[in-house]
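Data first, discussion second: the structure below is written as structure tokens.
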Amino acid sequence: GAGVSQSPSNKVTEKGKDVELRCDPISGHTALYWYRQRLGQGLEFLIYFQGNSAPDKSGLPSDRFSAERTGESVSTLTIQRTQQEDSAVYLCASSLMGSEQFFGPGTRLTVL
Amino acid sequence: KQEVTQIPAALSVPEGENLVLNCSFTDSAIYNLQWFRQDPGKGLTSLLLIQSSQREQTSGRLNASLDKSSGRSTLYIAASQPGDSATYLCAASGSARQLTFGSGTQLTVLP
Chain A
-7 GAGVSQSPSN KVTEKGKDVE LRCDPISGHT ALYWYRQRLG QGLEFLIYFQ
43 GNSAPDKSGL PSDRFSAERT GESVSTLTIQ RTQQEDSAVY LCASSLMGSE
93 QFFGPGTRLT VL
Chain B
130 KQEVTQIPAA LSVPEGENLV LNCSFTDSAI YNLQWFRQDP GKGLTSLLLI
180 QSSQREQTSG RLNASLDKSS GRSTLYIAAS QPGDSATYLC AASGSARQLT
230 FGSGTQLTVL P
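From first to last, the protein sequence lines stand for chains A and B. Last residue of the first sequence? That's 104 in my numbering, and every number before it is there in order. Last residue of the second sequence? That's 240 in my numbering, and every number before it is there in order.
Given below as structure tokens:
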């Protein structure tokens, strides 16, 4: 497909479990971003990857959150020991350097 | 720290009306500004991107302007249609490239 894809689309987990969310960016896009949107709130930046540079992790809310990116392709966001406040829609976006960001459909995470 | 504000939070207009959505940002050192629409339960659809060196961008019935010195952007929608009903988000990109989003304007176009 031509767009950003994310999986799973929905994830329900129990408090304390670890979860992995996946993002496949648009082919050729060097930049990849993770954001989250909690219910009734605005979008918050989490982490940014640009090529082979060290990622900008300044938006990660705690050390339970981490993300990896393989080269300029797929990225995985991992949340360890999930808490109820982690419930949100997690959105991934990709772009060419400094250009328009294109978003995936998101993963809706529910922590019970 | 960049802050983005959108006014109004909600807007309801009859079909066919022209309308303006407002966005303001506190740090004028932006790299670009992007407008999105978000439909319920869906992701974000990019509408327009304005680079910091540009004053406006147009796409179909949409026109976005940017005034860096005053920290403002507007999204003009001409001849609104019920299909335009959605939440409209503006987002500013700084030197670090991540977007700072406003809280959005929820638009309802009544048939």
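Ideal Cβ placement from N, Cα and C applies to all residues, glycine included.
Within 8 Å, strictly: CB atoms of residue i and residue j
i	j	result
alanine 59 (chain A)	glutamine 42 (chain A)	no
glutamine 131 (chain B)	alanine 221 (chain B)	yes
leucine 52 (chain A)	aspartate 78 (chain A)	no
isoleucine 159 (chain B)	glycine 223 (chain B)	yes
valine 4 (chain A)	alanine 85 (chain A)	no
Chain B contact residues for residue i, given Cβ-Cβ distances below 7 Å
i	result
leucine 35 (chain A)	Phe230
alanine 23 (chain A)	Arg226
Residue i, DSSP secondary structure in three states
i	result
glutamine 76 (chain A)	helix
aspartate 10 (chain A)	coil
proline 211 (chain B)	helix
threonine 5 (chain A)	strand
glutamate 60 (chain A)	strand
leucine 239 (chain B)	strand
glutamate 144 (chain B)	coil
alanine 23 (chain A)	strand
isoleucine 159 (chain B)	coil
isoleucine 76 (chain B)	The first residue shown for chain B is 130 and the last is 240, placing residue 76 (chain B) beyond what the model contains.
Span separating the alpha-carbon of residue i from that of residue j
i	j	result
tyrosine 106 (chain A)	aspartate 196 (chain B)	No answer is possible for residue 106 (chain A): it lies beyond the span of chain A, which begins at -7 and ends at 104.
lysine 7 (chain A)	threonine 99 (chain A)	17 Å
glycine 233 (chain B)	isoleucine 39 (chain A)	22 Å
asparagine 44 (chain A)	serine 65 (chain A)	11 Å
serine 199 (chain B)	serine 188 (chain B)	24 Å
asparagine 151 (chain B)	valine 142 (chain B)	15 Å
leucine 104 (chain A)	aspartate 55 (chain A)	20 Å
arginine 166 (chain B)	leucine 176 (chain B)	7 Å
9 Å Cβ cut-off: residues of chain B touching residue i
i	result
glutamate 64 (chain A)	By Cβ distance, chain B contributes nothing, its closest Cβ being about 15 Å from glutamate 64 (chain A), past 9 Å.
aspartate 48 (chain A)	Ala225, Arg226 and Gln227
glycine 43 (chain A)	In chain order: nothing, as chain B lies at least about 12 Å away.
glycine 51 (chain A)	Gln227
Supposed close pair residue i, residue j - CB separation, criterion 8 Å
i	j	result
valine 149 (chain B)	threonine 216 (chain B)	Their Cβ separation, rounded to whole angstroms, is 16 Å, which puts valine 149 (chain B) and threonine 216 (chain B) out of contact at 8 Å.
glutamate 12 (chain A)	threonine 68 (chain A)	5 Å
leucine 162 (chain B)	cysteine 219 (chain B)	6 Å
glycine 172 (chain B)	glycine 96 (chain A)	6 Å
leucine 35 (chain A)	leucine 83 (chain A)	7 Å
Proximal residues of chain A, C-beta to C-beta of residue i below 9 Å
i	result
leucine 191 (chain B)	By Cβ distance, chain A contributes nothing, its closest Cβ being about 14 Å from leucine 191 (chain B), past 9 Å.
tyrosine 160 (chain B)	Gly90
Within chain A, partners of residue i - CB distance below 7 Å
i	result
glycine 172 (chain B)	Leu83, Phe95, Gly96, Pro97 and Gly98
leucine 178 (chain B)	Glu92
Partner residues on chain A for residue i, Cβ-Cβ distance less than 8 Å
i	result
alanine 163 (chain B)	As written in the sequence, residue 163 (chain B) is glutamine, which differs from the alanine given in the question. Those are Glu92 and Gln93, listed as they occur along chain A.
serine 175 (chain B)	Glu92, Gln93, Phe94 and Phe95
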